[in-house]
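Colleague: Listed in order, the protein sequences are those of chains A and B. The numbering of the first sequence is the numbering used here, which starts it at 147 and goes up by one. The numbering of the second sequence is the numbering used here, which starts it at 954 and goes up by one. Note that CB positions come from ideal geometry on N, CA and C, so glycine has one too. Have a look at the structure that comes next, please.
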Amino acid sequence: MKDMLLQVEPLIPALRRYARALVRNRANADDLVQDCLERAVSRWYQRRDGDVRAWLFTILHNLAVNQFRQSASRGRHVPIDETNEDNFGEAAAQEQKLMVQDVLNKLARLPEDQRAVLLLVAVEDLSYADAAKVLNIPVGTVMSRLSRARERLQQEIEGIADNISTNVVPLRSEK
Amino acid sequence: MNHRPITEDDLHAYVDRVLEPERQAEVAAYLGDHPDVAKRVAAFTDQRDLLRAALAPIAEEPLPAELNLSRIIENRARRPSVARWAMAAMLLLSIGGLGGWAVRGALQASPEGLVALAQEATASYNVYAPDRVRPVEVRASDSAQLVQWVSDRLHRPVKVPDLAASGYRLMGGRLVATQHGPAAMFMYDDDHGSRLVVLTRPMSSADQNAPMTSQSQGDVRGFAWADDGVGYSLVGHAAPESLRPIANEVRRQARPI
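This is the structure:
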């Protein structure tokens, strides 16, 4: 168990960050991470060779998806922090700090599968192959979801009013 | 020069800084010639920087006590809760009568579905393992038929674990009735004739996933767990130390992760 401690402990902050960004609720996110760590402890000797980080993110992601499914079937929505969305006027948006908060609000509007891929790749630095493993999808699907996620987030950031802008030139049509 | 065409995937890999240096330079040169695409790529890069900046503080927060890994490992080592529940349940049930019946209701309402599963496995073991005439309904020689049958009844593909590496041969199996619907039972024996039972069935929605816990009722011991909605219990007349690696093997085969 000592090698487990050495390999897993340093990754807990990143697992928290991913869980929080995905479910947007601190208590729920930490519960998921706790479940994830408990499963990791109980399965440590059963894991296949490979990247421990990808393995942990896989466990965490599956737990999060189960939670999404359960709350969806109960008709309860994952709480999304919409606080003072209206306060982000054009002037305020100049400020880096507010933009940072704002980008999380925008991110929350993305479908869960797009959010997951963007977070794993752009924030958690998983390789495309590892992200594919975590999400249990082909790498090609990772790429198309990543592309959709970035386009969608950009639309959110630019706002509906900017959608008429012709500056956005996708290189290929979305699947 | 003969460059490979720049793809959408290259643009994302450029944003994520995972291209080989040479390709990175090619994409950069392409972007220099295509301001529209460059603008889009710059926006994606800004997104990435913003997201990282916005989420970085979460990873800086001190870990709450519940996420202390040493503590989780320790708690697990001394967690007897499920086994204790099972023993308490059996004790109360054995008192019998209305009291036991009422407790049964209370336990069913409890979220601990593994207890029920382990009880079902133990009950099957107690009934079928001592049977010298017909311990299994479908023999191992007809295992394809067995798999088809139980998969149909459980409405999901069921794999028969192969425990040859642990010294146990499949004898066969059957469908058994439980309070929670049909379950598939597989029986194994070793060269000394000692038998093991693996019982599997779908779990209720509350117990889709549950870590492996040790179970014992009388001198029948074993382990139970649930992965992705399917519960498993392995029981036998053997020491938990010898059963645990076999349970791990069953779990690994059923759902490698």
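What's the gap between the Cα of B:Q1000 and the Cα of A:R296?
Modeller: The residue given as residue 1000 of chain B occupies position 47 in the second sequence. The residue given as residue 296 of chain A occupies position 150 in the first sequence. Approximately 8 Å between the Cα atoms of the pair.
Colleague: In angstroms, rounded to a whole number, what distance separates the CA positions of B:V1068 and A:R261?
Modeller: Here residue 1068 of chain B is taken as the residue at index 115 of the second sequence, counted from 1. Here residue 261 of chain A is taken as the residue at index 115 of the first sequence, counted from 1. Just so you know, the alpha carbons of B:V1068 and A:R261 end up roughly 37 Å apart.
Colleague: Name the chain B residues whose beta carbon is nearer than 7 Å to that of A:N212?
Modeller: Start at 1 with the first residue of the first sequence, and residue 212 of chain A comes out as number 66. In chain order: Q1161 and N1162.
Colleague: Kindly list, in the order they appear in chain A, the residues whose Cβ is closer than 8 Å to that of B:H1108.
Modeller: Translated into positions along the second sequence, residue 1108 of chain B becomes position 155. Per Cβ cutoff of 8 Å: no residues; B:H1108 is ~18 Å from chain A at best.
Colleague: Applying the 10 Å Cβ sphere with the 16-neighbour rule, what's the burial state of B:T1166?
Modeller: Taking the first residue of the second sequence as position 1, residue 1166 of chain B is located at position 213. Buried, because 16 or more other Cβ atoms sit within 10 Å of the Cβ of B:T1166.
Colleague: Closer than 7 Å between beta carbons: that is the criterion. Which residues of the stretch 152 to 180 of chain A meet it against chain B?
Modeller: V154, E155, I158, P159, A160, R162, R163, R166, A167, D176, V179 and Q180
Colleague: Output needed for A:T204: all residues of its chain with C-beta closer than 6 Å, excluding positions within five of it in sequence on either side, in chain order.
Modeller: Counted from its first residue, the first sequence places residue 204 of chain A at position 58. If we look at A:T204 and ignore the five residues flanking it on each side, its Cβ neighbours are V280.
Colleague: If we cut at 8 Å on Cβ distances, does B:V980 have a partner in chain A?
Modeller: The residue you call residue 980 of chain B lines up with position 27 of the second sequence. No, no contact with chain A.
Colleague: Going by C-alpha distance, which of A:L178, A:L157, A:L151 and A:R294 is nearest A:A200?
Modeller: As a working note, residue 200 of chain A is residue 54 in the first sequence. Checked all of A:L178, A:L157, A:L151 and A:R294; the closest Cα to A:A200 is A:L157.
Colleague: Assign B:R1092 to one of three DSSP states: helix, strand, or coil.
Modeller: As a first step, residue 1092 of chain B must be located in the second sequence, where it is residue number 139. In the structure shown, B:R1092 sits in a strand (DSSP, three-state: E or B).
Colleague: Would you tell me roughly how many angstroms separate the C-alpha atoms of B:G1053 and B:A1200, rounded to the nearest one?
Modeller: Locating residue 1053 of chain B in the second sequence gives position 100, counting from the first residue. Locating residue 1200 of chain B in the second sequence gives position 247, counting from the first residue. Caution is warranted here: a pLDDT of 48 is assigned to B:G1053, below 50, making its placement in the model unreliable, and no coordinate value can be reported.
Colleague: So, B:V1183 versus B:A1074, is the Cβ gap smaller than 8 Å?
Modeller: Taking the second sequence and counting its residues from 1, the one referred to as residue 1183 of chain B is at position 230. Taking the second sequence and counting its residues from 1, the one referred to as residue 1074 of chain B is at position 121. Not in contact: B:V1183 and B:A1074 (Cβ atoms no closer than 8 Å).
Colleague: I want to see whether chain A comes within less than 8 Å of B:G997, judged by CB atoms only; does it?
Modeller: Within the second sequence, numbered from 1, the residue matching residue 997 of chain B stands at position 44. It should be noted that the sequence gives Phe, not Gly, for residue 997 of chain B. With a threshold of 8 Å between beta carbons, B:F997 makes contact with chain A.
Colleague: May I ask you to list the residues that DSSP assigns as paired with B:P1135?
Modeller: Here residue 1135 of chain B refers to the residue found at position 182 of the second sequence. DSSP output for B:P1135 lists B:A1130 as bridge partner(s).
Colleague: How is the beta strand (DSSP E) around B:M1165 delimited, first residue to last?
Modeller: The sequence position of residue 1165 of chain B within the second sequence is 212, counting from 1. Its beta strand (DSSP E) spans residues A1163 to Q1170.
Colleague: Please list the terminal residues of the continuous beta strand (DSSP E) segment that includes B:L1187.
Modeller: In the second sequence, counting from the first residue as 1, residue 1187 of chain B sits at position 234. It spans V1183 to G1189 - the beta strand (DSSP E) in which B:L1187 sits, taken as one unbroken run.
Colleague: Our contact map puts B:Y1141 next to B:R1127 with C-beta atoms below 8 Å; I'd like the distance itself, whole angstroms only.
Modeller: Against the second sequence, residue 1141 of chain B aligns to sequence position 188. Against the second sequence, residue 1127 of chain B aligns to sequence position 174. With a Cβ gap of about 13 Å, B:Y1141 and B:R1127 do not count as contacting.
Colleague: Going by the beta-carbon positions, is the gap between A:R193 and B:L1008 smaller than 8 Å?
Modeller: Locating residue 193 of chain A in the first sequence gives position 47, counting from the first residue. Locating residue 1008 of chain B in the second sequence gives position 55, counting from the first residue. No. Outside cutoff.
Colleague: Look at A:A210 and A:A254 and say whether their C-beta atoms are less than 8 Å apart.
Modeller: As a working mapping, residue 210 of chain A is identified with position 64 in the first sequence. As a working mapping, residue 254 of chain A is identified with position 108 in the first sequence. Cβ atoms of A:A210 and A:A254: not closer than 8 Å.
Colleague: Below 8 Å on the Cβ atoms is my guess for A:L151 versus B:L1022; work out the distance and round it to an integer in Å.
Modeller: By 1-based counting over the first sequence, the position of residue 151 of chain A is 5. By 1-based counting over the second sequence, the position of residue 1022 of chain B is 69. Correct: roughly 6 Å between the Cβ atoms.
Colleague: Can you give me the C-alpha to C-alpha distance between A:M245 and B:D989, rounded to a whole angstrom?
Modeller: Position 99 of the first sequence, counted from the start, is the residue given in the question as residue 245 of chain A. Position 36 of the second sequence, counted from the start, is the residue given in the question as residue 989 of chain B. Approximately 24 Å between the Cα atoms of the pair.
Colleague: Please report the distance separating the alpha-carbon of A:A167 from that of A:L256.
Modeller: The sequence position of residue 167 of chain A within the first sequence is 21, counting from 1. The sequence position of residue 256 of chain A within the first sequence is 110, counting from 1. Going by the C-alpha atoms only, they are around 12 Å apart.
Colleague: Does the count of Cβ pairs from the stretch 1188 to 1200 of chain B and the stretch 1161 to 1177 of chain B closer than 8 Å reach three?
Modeller: Counting Cβ pairs under 8 Å, three or more are found: they touch.
Colleague: For the 8 Å Cβ check, are there 3 or more pairs between the stretch 1104 to 1115 of chain B and the stretch 1169 to 1176 of chain B?
Modeller: no
Colleague: Helix, strand or coil: which one does DSSP assign to A:L272?
Modeller: What you label residue 272 of chain A is simply residue 126 of the first sequence in a count that begins at 1. The answer is coil: DSSP assigns A:L272 none of H, G, I, E or B.
Colleague: Closer than 7 Å between beta carbons: that is the criterion. Which residues of the stretch 1178 to 1206 of chain B meet it against chain A?
Modeller: For the stretch 1178 to 1206 of chain B, the set of residues with a beta-carbon nearer than 7 Å to any beta-carbon of chain A comprises N1201, R1204 and R1205, in chain order.
Colleague: Does the Cβ of A:E270 have 16 or more other Cβ atoms within 10 Å, making it buried, or fewer, making it exposed?
Modeller: Residue mapping note: residue 270 of chain A aligns to position 124 of the first sequence, counting from 1. Classification for A:E270: buried.
Colleague: Can you round the beta-carbon distance between B:T1131 and B:R1154 to whole angstroms, since I take them to be within the 8 Å contact cut?
Modeller: For the purposes of this step, residue 1131 of chain B is taken as the residue at position 178 of the second sequence. For the purposes of this step, residue 1154 of chain B is taken as the residue at position 201 of the second sequence. Between B:R1154 and B:T1131 the Cβ distance is about 6 Å, and since that is below 8 Å, they are a contact.
Colleague: Quick one: which chain B residues come within Cβ less than 9 Å of A:Q247?
Modeller: Here residue 247 of chain A refers to the residue found at position 101 of the first sequence. Correct list: A1007.
Colleague: By the 10 Å Cβ neighbour count, where 16 or more other Cβ atoms means buried, how is B:R970 classified, buried or exposed?
Modeller: Walking along the second sequence from the start, residue 970 of chain B turns up at place 17. So B:R970 counts as exposed.
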